[in-house]
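Data first, discussion second: the structure below is written as structure tokens.
Numbering (UniProt numbering), first residue to last: 1 to 307.
This is the structure in structure tokens:
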């Protein structure tokens, strides 16, 4: 049981015992318990199966795999030698220890940081007068969103391992690298990743963003599975070959990451010449329906919206 829920349950027990003994309950204690009881139950995104995510967010399967995911041979971008060298050094330092989520993240750190830096440098060359970063990478982003699950309103929450941003606002995300899974749990991350993506997708549509396309990726460091939700609530998957199988396989993986990063950068208000009108419906007095917190520290900045 979460600590905050445990507190109000204990407070409720104390009030009930006091009433039984003829004691008068303090009004502020009663108000506290009633407020906590009115809060929606919390559901972990990691507990949802893919079919449950699809039903909760009204997603439809898109089977146009080649059209969405099939880059032509001329568009393939080889992995930079510096990236391969850093991965090799990391693997040599590990020895023969079995791969776990921590070591998967070490590898992803190298790949994703390099991918983002390549795009940042490319933009800097094209626009030397601009000092702002067009796209950035954030670790451990906490997400909350109100949904209806099996006929009941709940707060869906979770924490994505990596999130790629193209702006300062919490909605300005283009790629959610959800889970660094070990080899045995790669498949379980698909539903979890799709849930995070669907949360951001729903929020962006609710706030009338013109482009609500969200990308995701689940990986164990070798097998990379890419996901996409488009503006019409259609989702698709692409399961690629393993990173270490051959150069062709890892070049395709790198190409997809580079292309997605470029998409994020192109949408950035720092590099785009097109202005996007953003409309927020703040007419309702209801409780906030979403929350995004950057980083794992409670002291990090938090974006909240009352709708």
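C-beta: ideal position from N, C-alpha, C; glycine also. Please read all numbers here as calculations on a predicted model, not as lab measurements.
Measure how close the beta-carbons of residue i and residue j come, nearest whole angstrom, since I'm counting them as under 8 Å.
i	j	result
residue 248	residue 239	At roughly 15 Å, the Cβ-Cβ gap does not stay under 8 Å, so residue 248 and residue 239 are not in contact.
residue 40	residue 153	5 Å
residue 45	residue 157	7 Å
residue 87	residue 254	Not a contact, Cβ separation roughly 11 Å.
residue 314	residue 233	Past the boundaries of the shown model lies residue 314; the chain is included only from 1 to 307, so the question cannot be answered.
residue 213	residue 203	The pair is not a contact, with the Cβ atoms about 13 Å apart (cut-off 8 Å).
Please return the same chain residues whose Cβ sits closer than 7 Å to the Cβ of residue i, not counting the five positions on each side in sequence.
i	result
residue 310	As shown, the chain starts at 1 and ends at 307. That puts residue 310 outside it, with no answer to give.
residue 222	242, 243, 244
residue 25	15, 18, 19
residue 70	none
Checking 8 Å against the spacing of the C-beta atoms, do residue i and residue j come in under that value?
i	j	result
residue 109	residue 140	no
residue 15	residue 30	yes
residue 215	residue 61	no
residue 262	residue 119	yes
residue 79	residue 251	yes
residue 218	residue 115	no
Kindly list the residues whose CB is nearer than 6 Å to the CB of residue i, restricted to its own chain and excluding five residues on each side of it in sequence; keep chain order.
i	result
residue 13	none
residue 90	106
Taking DSSP's pairing of strands, which residues face residue i in a bridge?
i	result
residue 88	Partner(s): none; residue 88 has no beta bridge.
residue 43	156
residue 162	139, 177
residue 237	227
residue 61	235
residue 146	155
In chain order, what residues of the same chain have a beta carbon less than 8 Å from the beta carbon of residue i, not counting five sequence neighbours either side?
i	result
residue 137	112, 113, 116, 162, 163, 164, 165
Between the segment 55–66 and the segment 95–110, do at least 3 Cβ pairs fall closer than 8 Å?
no
For the structure I just gave you, are there three or more beta carbon pairs, one from the segment 126–133 and one from the segment 101–108, closer than 8 Å?
no
Taking one C-beta from the segment 44–60 and one from the segment 188–197 each time, how about it: are there three or more such pairs within less than 8 Å?
yes
Decide yes or no for the touch test of the segment 110–120 against the segment 144–158: beta carbon pairs closer than 8 Å, at least 3 of them.
no
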